[in-house]
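Student: This is the structure, below, for whatever I ask next.
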Amino acid sequence: MTEKPPITRLHNVGKLSRVVSYQGTIYLSGLTAADKSTDTADQARQIFARADELLAEAGTDRSRLLFTQIWLRDIGDFDAMNAAWMAWIGDVDPPARATVEAKFALPEIRIEVQFTAAA
Amino acid sequence: MTEKPPITRLHNVGKLSRVVSYQGTIYLSGLTAADKSTDTADQARQIFARADELLAEAGTDRSRLLFTQIWLRDIGDFDAMNAAWMAWIGDVDPPARATVEAKFALPEIRIEVQFTAAA
Amino acid sequence: MTEKPPITRLHNVGKLSRVVSYQGTIYLSGLTAADKSTDTADQARQIFARADELLAEAGTDRSRLLFTQIWLRDIGDFDAMNAAWMAWIGDVDPPARATVEAKFALPEIRIEVQFTAAA
């Protein structure tokens, strides 16, 4: 019988794992800001800083992002999000990306971001 | 010329395949409940039971989920969905996950779930 | 030290790459129609024609799609979208798919589509 390729999980919080690695591809859970009292640009910066930490734990970094899904509570914040995004991603080759409006589990959440990355 | 790695599809219903396997990664189509007359928790249970069947057909199971995207018709059903989710996923290591609110093709659909899994 | 598997990007427009390839899997950015003055069916046709071009540049084609995420500005356009989809995908084995309603960065955008494909 062939052994199946292993799955590695980090930060298993019960209902989800924040980081899942399999065959060189890394799936992060949707990230929201820890401090949800701030505006979209600041919540974005918090998310990107957290992503840096999680990607580092998984042995990779933002230069190896493959795809990023961005949800905004108000699509009118698209330019503000993009400014924060470029401040973060502007020094590396960017991933594929899609951005749409959506509502989240808490009304103060302005942005949620899901990353898929290469190991 | 190099042969390209094969793609395996199950339940090709014309406009989509319910299960697509490629290089050890399995993509399921977004699943909704067969009986849409029930509440979010029950629709979630129907979806998870169907996912178990489809994952088994693909030779894997819920312990090897990589990423799960959950859309709720009303994000106010977040806790009800999570209770059904934990009843299903609580005995295995969970995947990465993201949950947002969205509208679906039929108004009675309360929840749709898309799974990506390891073979 | 082991070399990490390479990531190939096409159409790097600064904030995103329209095509990202890694280990035989191809991630496209969310596509919208160039001419946004038209209806959902026509915007869908524009997107599918653009996807054909991008997939060809990446060395693959629509017969090797793995997963497709479709967002509609008005889920009432579901049937119109499906007719355009079948005209495009009807001659090949279809990918896994999920379709939900969402708002986009510009109000005239009626549909956005994100493709993941096999090389």
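Residue numbers (the numbering used here), protein chains in the order written: chain D, 1106 to 1224; chain G, 1106 to 1224; chain F, 1106 to 1224. Built from N, CA and C at the ideal position, the CB exists for glycine as well.
1) Can you find a CB in chain D that lies within less than 9 Å of the CB of P1200(G)?
2) With burial defined as no fewer than 16 other Cβ atoms inside 10 Å of the residue's Cβ, what is the status of S1126(G): buried or exposed?
3) Whose CA, out of I1214(G), P1199(G) and P1200(G), lies closest to the CA of V1205(F)?
4) For E1206(F), go through chain G and note every residue whose CB falls closer than 8 Å to its CB, in chain order.
5) T1130(G): buried (16+ other C-beta within 10 angstroms of its C-beta) or exposed?
6) Please name the residue in A1201(D), W1193(D) and I1112(D) whose C-alpha comes closest to that of D1157(D).
7) Should L1170(F) be labelled buried (16 or more other beta-carbon atoms within 10 Å of its own) or exposed?
8) Find out if the Cβ-Cβ distance for the pair A1203(G), T1165(G) is shorter than 9 Å.
9) Please compile the residues from chain F whose C-beta is within a distance smaller than 8 Å of the C-beta of E1217(G).
10) DSSP three-state label for Q1174(D), please.
11) Who are the neighbours of G1119(D) on chain G, taking C-beta pairs under 8 Å?
12) Could you work out which residue in K1109(F), L1133(F), P1110(F) and F1209(F) is closest to H1116(F) when comparing CA atoms only?
13) When the Cα of F1181(G) is compared with those of T1145(G), E1108(G) and L1136(G), which residue comes out closest?
14) What is the DSSP secondary structure of L1121(D), counted as helix, strand or coil?
15) Checking contacts by CB at 9 Å: is I1180(D) closer than that to chain G?
16) Could you name the residues of the same chain whose beta carbon sits closer than 7 Å to that of A1138(G), not counting the 5 residues immediately before and after it, in chain order?
17) Within a Cβ cutoff of 7 Å, which residues of the same chain sit near S1168(G), ignoring the five residues on either side of it in sequence?
18) Helix, strand or coil for S1126(G)? Go by DSSP, reduced to three states.
19) So, for L1177(F): in the same chain, excluding its five sequence neighbours on each side, which residues have a beta-carbon less than 8 Å away from its beta-carbon?
20) What whole-angstrom Cβ distance do L1159(F) and V1124(F) have, given they're in contact under 8 Å?
21) Whose C-beta lies closer than 6 Å to the C-beta of P1111(G) among residues of the same chain, with five residues either side of it excluded?
22) Could you tell me the alpha carbon to alpha carbon distance between A1210(D) and G1135(D), rounded to whole angstroms?
23) Tell me the rounded alpha-carbon separation between D1179(G) and K1120(G).
24) Just confirm the distance between the C-beta atoms of A1201(G) and S1122(D), as a whole number of angstroms; I'd bet it's less than 8 Å.
25) Chain F partners of Q1151(G), CB-CB under 8 Å?
26) Starting from I1216(D), trace the beta strand (DSSP E) both ways and give me its first and last residue.
27) Within the 9 Å Cβ cut-off, does T1130(F) reach chain D?
28) Tell me V1197(G)'s beta-bridge partners as DSSP assigns them.
29) Does the CB of E1109(G) have a neighbour CB from chain F at under 9 Å?
30) Find the residues of chain D that neighbour I1175(F), judging by a C-beta separation of less than 8 Å, and give them in chain order.
31) Leaving aside the five residues before and after F1220(D) along the sequence, list all residues of the same chain whose C-beta is less than 7 Å from its C-beta, in chain order.
32) On the three-state DSSP scale, how would you describe A1203(D)?
33) What did DSSP end up calling T1145(G) once you bin it into helix, strand or coil?
34) Should S1122(D) be flagged as near chain G, meaning a C-beta pair shorter than 9 Å?
35) Helix, strand or coil, according to DSSP, for L1133(G) in the structure here?
36) Quick one, which of D1140(G), K1141(G), A1163(G) and S1142(G) has its alpha-carbon nearest T1113(G)'s?
Tutor: For this structure:
1) Along the second sequence, one-based indexing puts residue 1200(G) at 95. Chain D, which has a Cβ nearer than 9 Å to the Cβ of P1200(G), makes this yes.
2) Sequence index remark: in the second sequence, residue 1126(G) carries index 21 (1-based). Buried: at least 16 other Cβ atoms inside 10 Å.
3) Position 100 of the third sequence, counted from the start, is the residue given in the question as residue 1205(F). Measuring from the Cα of V1205(F), the nearest candidate turns out to be I1214(G).
4) Indexing the third sequence from 1 puts residue 1206(F) at position 101. Residues of chain G passing the Cβ test: A1207, K1208 and F1209.
5) Your numbering for residue 1130(G) matches position 25 in the second sequence. The residue in question, T1130(G), is buried, as its Cβ has 16 or more Cβ neighbours within 10 Å.
6) Here residue 1157(D) refers to the residue found at position 52 of the first sequence. Checked all of A1201(D), W1193(D) and I1112(D); the closest Cα to D1157(D) is W1193(D).
7) By one-based count along the third sequence, residue 1170(F) stands at place 65. Counting Cβ neighbours within 10 Å, L1170(F) comes out buried, since at least 16 surround it.
8) As a working note, residue 1203(G) is residue 98 in the second sequence. As a working note, residue 1165(G) is residue 60 in the second sequence. No. Outside cutoff.
9) Sequence index remark: in the second sequence, residue 1217(G) carries index 112 (1-based). Per Cβ cutoff of 8 Å: A1203 and V1205.
10) As a working mapping, residue 1174(D) is identified with position 69 in the first sequence. DSSP places Q1174(D) in strand when its eight states are reduced to three.
11) Numbered from its first residue, the first sequence carries residue 1119(D) at position 14. Within chain G, the residues near G1119(D) are M1191, G1195 and P1199.
12) Locating residue 1116(F) in the third sequence gives position 11, where the first residue counts as 1. Ranking the options by Cα distance to H1116(F), first place goes to L1133(F).
13) Mapped onto the second sequence, residue 1181(G) falls at position 76. Note that residue 1181(G) is Gly in the sequence shown here, rather than Phe. Comparing Cα-Cα distances from G1181(G) to each of T1145(G), E1108(G) and L1136(G), the minimum goes to T1145(G).
14) Locating residue 1121(D) in the first sequence gives position 16, where the first residue counts as 1. Coil at L1121(D), not helix or strand.
15) Stepping through the first sequence from its first residue, residue 1180(D) is reached at position 75. Closer than 9 Å: no.
16) Here the question's residue 1138(G) lines up with position 33 in the second sequence. The residues are Q1148, Q1151 and I1152.
17) Counting from 1 along the second sequence, the entry for residue 1168(G) is found at position 63. Hits under 7 Å: V1197 and D1198.
18) Counting from one through the second sequence, the residue named residue 1126(G) turns up at place 21. Reduced to three states, the DSSP call for S1126(G) is strand.
19) Taking the third sequence and counting its residues from 1, the one referred to as residue 1177(F) is at position 72. Cβ neighbours of L1177(F) beyond the five flanking positions: T1145, F1183, M1186, T1204, V1205, E1206, A1207, R1215 and I1216.
20) Residue numbering aside, residue 1159(F) sits at position 54 when the third sequence is read from its first letter. Residue numbering aside, residue 1124(F) sits at position 19 when the third sequence is read from its first letter. With a Cβ gap of about 5 Å, L1159(F) and V1124(F) count as contacting.
21) The count along the second sequence starts at 1 and reaches residue 1111(G) at position 6. Hits under 6 Å: none found.
22) For the purposes of this step, residue 1210(D) is taken as residue 105 along the first sequence, with counting starting at 1. For the purposes of this step, residue 1135(D) is taken as residue 30 along the first sequence, with counting starting at 1. Cα to Cα, A1210(D) sits roughly 12 Å from G1135(D).
23) Taking the first residue of the second sequence as position 1, residue 1179(G) is located at position 74. Taking the first residue of the second sequence as position 1, residue 1120(G) is located at position 15. Computed Cα separation, rounded: 27 Å.
24) Position 96 of the second sequence holds residue 1201(G). Position 17 of the first sequence holds residue 1122(D). Confirmed, Cβ separation roughly 6 Å.
25) As a working mapping, residue 1151(G) is identified with position 46 in the second sequence. The premise fails here: Q1151(G) is roughly 17 Å from chain F at the closest Cβ pair, so nothing lies under 8 Å.
26) As a working mapping, residue 1216(D) is identified with position 111 in the first sequence. Element bounds for I1216(D): I1216 to A1223.
27) Translated into positions along the third sequence, residue 1130(F) becomes position 25. True, the Cβ-Cβ gap to chain D drops below 9 Å.
28) In the second sequence, counting from the first residue as 1, residue 1197(G) sits at position 92. Beta-bridge pairing links V1197(G) to no other residue.
29) Within the second sequence, numbered from 1, the residue matching residue 1109(G) stands at position 4. Per the sequence presented here, residue 1109(G) reads as Lys, with Glu not at that position. K1109(G) counts as touching chain F.
30) Locating residue 1175(F) in the third sequence gives position 70, counting from the first residue. Those do not exist, as I1175(F) stays about 11 Å from chain D at its closest Cβ, beyond 8 Å.
31) Translated into positions along the first sequence, residue 1220(D) becomes position 115. Answer for F1220(D): L1133, A1156, L1170 and T1173, listed in chain order.
32) What you label residue 1203(D) is simply residue 98 of the first sequence in a count that begins at 1. The answer is strand: DSSP assigns A1203(D) an E or B state.
33) Taking the first residue of the second sequence as 1, we reach residue 1145(G) at position 40. The answer is helix: DSSP assigns T1145(G) an H, G or I state.
34) Locating residue 1122(D) in the first sequence gives position 17, where the first residue counts as 1. Judged by the 9 Å Cβ criterion, S1122(D) is in contact with chain G.
35) For the purposes of this step, residue 1133(G) is taken as the residue at position 28 of the second sequence. The answer is strand: DSSP assigns L1133(G) an E or B state.
36) Here residue 1113(G) refers to the residue found at position 8 of the second sequence. Nearest option by C-alpha distance: A1163(G).
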